[in-house]
Amino acid sequence: GNPQKDEATGMTRLECKVVASGKTGFVTMLGNQGTAYLEAITPFSTFASAMDKTMTESQKSINQVSNLMKTKLAELAKVTAGAKGPLVDARTEMAKLRGKVTAATTTFDSLRKKVMIAKAEFAKKEAAEKNAHIEAREKKAADAVLAEAALKVEAMEASLKAMEEVTQPLMALQGADLDAFATPLSVLEQAEKLQVEIKSGVSSARAAIKEGLGKLPKVTKGPMLEAKKEMAKMEGRAGAVERKCAKVMESTLKSCQAIVDARYSEAAMAFREQVQSKGVTAEDLFTSLVQKGEDRISTEDFCKHLDSMASLSFPPEHSRLLCKHIEVGGVGRRKFLALLQQYYVVVRSIAITDDFEISKAKTIRKADTDEVIEVLEGPRSDSKGMTRVRGRSMIDGQEGWITVSGNQGTPFLQEMEKPYYSCYEEVALQSSFESGVEDTIRPLKVDEVIELLEGPRKESFSPIVRVRVKAVSDGATGWLTAKNSKGATFAEPDGQYYSCATSVAMTDEMDIKNCKVVRKLESGEVFAVLEGPVDDKESGITRVKGKAMKDEKEGWITIKGNAGTVYAEASTKHYSVTDEVPLQKLFANVDAEAIRVLEKGEALLAIEGPKEMAVSPALRVKGRALSDGAIGWVTLKGENMRPWSPYFNCLKAAPLHEALEAGGAVVVRQIAVGEVVELLEGPTKDAGQESRMKVRAEKDGAIGWVTVKSSGGVKFFES
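Once you know that position 635 of the sequence shown is 635 in my numbering, the rest is easy, because the numbers rise by one and skip nothing.
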């Protein structure tokens, strides 16, 4: 039988039969320490054994002769030089024989080396013959494993080759030749289709390679090891295809983008000219191109309109490519307006003039740094090489011609995205520019976005007039607003109030001779004049009818005696409340908690003031809410609103869904942290009150819905 290893002892055992006696049994061939006890008998081993024996004997004979020669030569060496006789002759003959012995030794050593080499080669051949059927079986198995992966890799490479062939006519062109290429969209669509095929092929190939590697055992030689090496090469080919595919797609998109850039500028200018010639707004034009019941211009209608414009002559595929670039699935309002509405920000103060030609133009006013200009016409270059646009200032609506850049390249305006603002706090959307009016349309919620229609504009205010007063009725003291920043009056000096200069009687009748005393008014007491002053010619005194502020008792009071004595005089420090107003502790804080509310008609004694308090201008912007189109004014204050961009950065990995409602929606793919997406629609709330928006991934153009902020307040994207 075949040798078997005993796992318990580590010895290799073999069942055999003794040739001499015919007895059978198990014998240890190899001990657990590597000691060999049996050796296989083969014709070669028999021959080799006999040969080894012969060579051993020959070596022994050579050694004997060599030793004899050494001994004899040593003895003959004692014969003195110049001596004669048989010993001298014997030494000469021995020297001759010594050469033959040396030659024989060399020949034998060479033979022995050849035998060793031959034995080693025989052992290799013998081992190879023994393992030939095993290697054949392993190679067959390895080839079967490789075949499936190789098929996938070849299919993947074939798809890449097809992609290169499809895109080559487009990628080979530049400049005017590229601009004139008639079918870029067909090339792009085929390339995109093949890209999907290649990505799928790469994925399938890698899966097959992984599966194949799992089937291969851990070996250090043989067909299975070679198969592993081949698998590694296939993995490298898959990576190369993936990189090449990405490079080809990048070049294709770059070529298409060059065509789009040219068509975009031409289309934008044509649309702006159309708006100006028809005397309509960009919004009006958008509405006219949208089919009833739809919220976007279809690709067909957009391309049809481009074809109808006399100033344009786009190849059909250029129009469709432009539409696809602007927005997939039709052009929405925001994207359409972005096409027509070009904006610049002033980077160096520059004049707004009434004419295109600077030599004929008059300055309307200066455009200040950071002012935003909407382009109405242009850009155009004048005779001096300066680039000019006719624009409208977003601050005050002023229209005129402005220089974009000088003839030496000095920039005055810099192109920018259409301005938007995002709410970081809830703010009121109001119908009028004046902020103090109670005309709120609705509150703008946190994360809502508005597009800028006008502004930012400064709303200036009159100084607030504050007076520190003491209420006559109860002695309460504090500060009140006599006149607010809008000019509304709440308290004013009142000449009807008199203050007693000395103690004086209040009587029930005007006639001092026929009256009764109501009570005594004390020095400093205040009363309001109800009637008079009346001069009593008979007595020579002046009297008024008044009401004491202390207890509201009424009667006649002498304000001037017949000898000129003044008993009461009109107060210059008394105010009358004309409308309810809070009495507050501090001068500077007009929004502080009130000590109490002063009622209309109350009398007040001014202790300090009046003082003016300057009010900082409010920065107001007019905008349209993207969520529902509501238009109104809001105040920019602190961090309540910040500039917003339609490009969002992913803060937390999130799924890209096919539908607005995330529940049950198909996942297009995951958006990774750091990826940038462009807003196409929204933000809007879904059924679960999560803020959702439709986006296009900048990385690969994938389109779908993502969650901006969860109902629990977790933020996934930030503009």
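All C-beta atoms, glycine included, are put in the ideal place defined by N, C-alpha and C.
Limits of the alpha helix (DSSP H) - the one that residue i falls within
| i | result |
| --- | --- |
| D261 | 223-278 |
| A48 | 43-76 |
| V187 | 184-215 |
| I402 | No alpha helix (DSSP H) contains I402, which is instead part of the beta strand (DSSP E) from 399-405. |
| D536 | From DSSP, D536 is part of no alpha helix (DSSP H) but of the beta strand (DSSP E) over 526-536. |
| K335 | 333-340 |
| K304 | 299-308 |
| F286 | 282-289 |
Cβ-Cβ distance between residue i and residue j below 8 Å
| i | j | result |
| --- | --- | --- |
| A282 | L340 | yes |
| K486 | G436 | yes |
| A702 | E661 | no |
| L735 | V465 | Since the first residue shown for the chain is 1 and the last is 719, residue 735 is missing from the structure and cannot be characterised. |
| T578 | A491 | yes |
| L651 | G704 | no |
| I441 | G663 | no |
| V676 | N649 | yes |
| L188 | M163 | no |
| L679 | E327 | no |
| V518 | K553 | yes |
| R296 | V331 | yes |
| V145 | L225 | no |
| R333 | F286 | yes |
| E459 | E425 | no |
| V467 | A488 | no |
| D284 | Q291 | no |
| A625 | E454 | no |
| M309 | A238 | no |
Delimiting residues of the beta strand (DSSP E) encompassing residue i
| i | result |
| --- | --- |
| F26 | 24-30 |
| K685 | 676-685 |
| I373 | 372-381 |
| I352 | 350-353 |
| P316 | Premise fails: P316 lies in the alpha helix (DSSP H), 316-326, not in any beta strand (DSSP E). |
| S576 | 574-577 |
| A603 | 603-613 |
| G555 | 554-560 |
| A367 | 363-367 |
Cβ-based burial, residue i [other Cβ within 10 Å; buried from 16]
| i | result |
| --- | --- |
| F26 | exposed |
| A227 | buried |
| F271 | buried |
| Q670 | exposed |
| S159 | buried |
| T502 | exposed |
| A207 | exposed |
| P316 | exposed |
| Y421 | buried |
| P43 | exposed |
| Q276 | exposed |
| I134 | exposed |
| T363 | exposed |
| V529 | buried |
| S349 | exposed |
Spatial distance of residue i from residue j (CA atoms)
| i | j | result |
| --- | --- | --- |
| K140 | A147 | 10 Å |
| T558 | C515 | 13 Å |
| A180 | T707 | 42 Å |
| C16 | G236 | 52 Å |
| L444 | K637 | 14 Å |
| E720 | V504 | The structure shown has nothing for residue 720, since the chain only spans 1 to 719. |
| F461 | G397 | 21 Å |
| S383 | L376 | 20 Å |
| K513 | T477 | 41 Å |
| A796 | G222 | Because the chain spans 1 through 719 in this model, residue 796 falls outside it and cannot be assessed. |
| I209 | A150 | 9 Å |
| M116 | S58 | 16 Å |
| E531 | V544 | 6 Å |
| Y725 | S576 | Residue 725 lies beyond the residue range present for the chain, which begins at 1 and ends at 719; the question has no answer from this structure. |
| E211 | V153 | 14 Å |
| S255 | V695 | 24 Å |
| A191 | I358 | 50 Å |
| C323 | L253 | 15 Å |
| A120 | M51 | 15 Å |
On the three-pair Cβ rule with 8 Å, is the region 330-349 touching the region 367-379?
Flag = yes, the region 330-349 and the region 367-379 touch.
How do the region 584-598 and the region 544-560 stand: do at least 3 beta-carbon pairs fall below 8 Å, yes or no?
With the cut-off at 8 Å, the region 584-598 and the region 544-560 do not touch.
Would you call the region 51-65 and the region 95-110 touching, i.e. three or more CB-CB distances under 8 Å?
The answer is yes - the region 95-110 touches the region 51-65, with three or more Cβ pairs under 8 Å.
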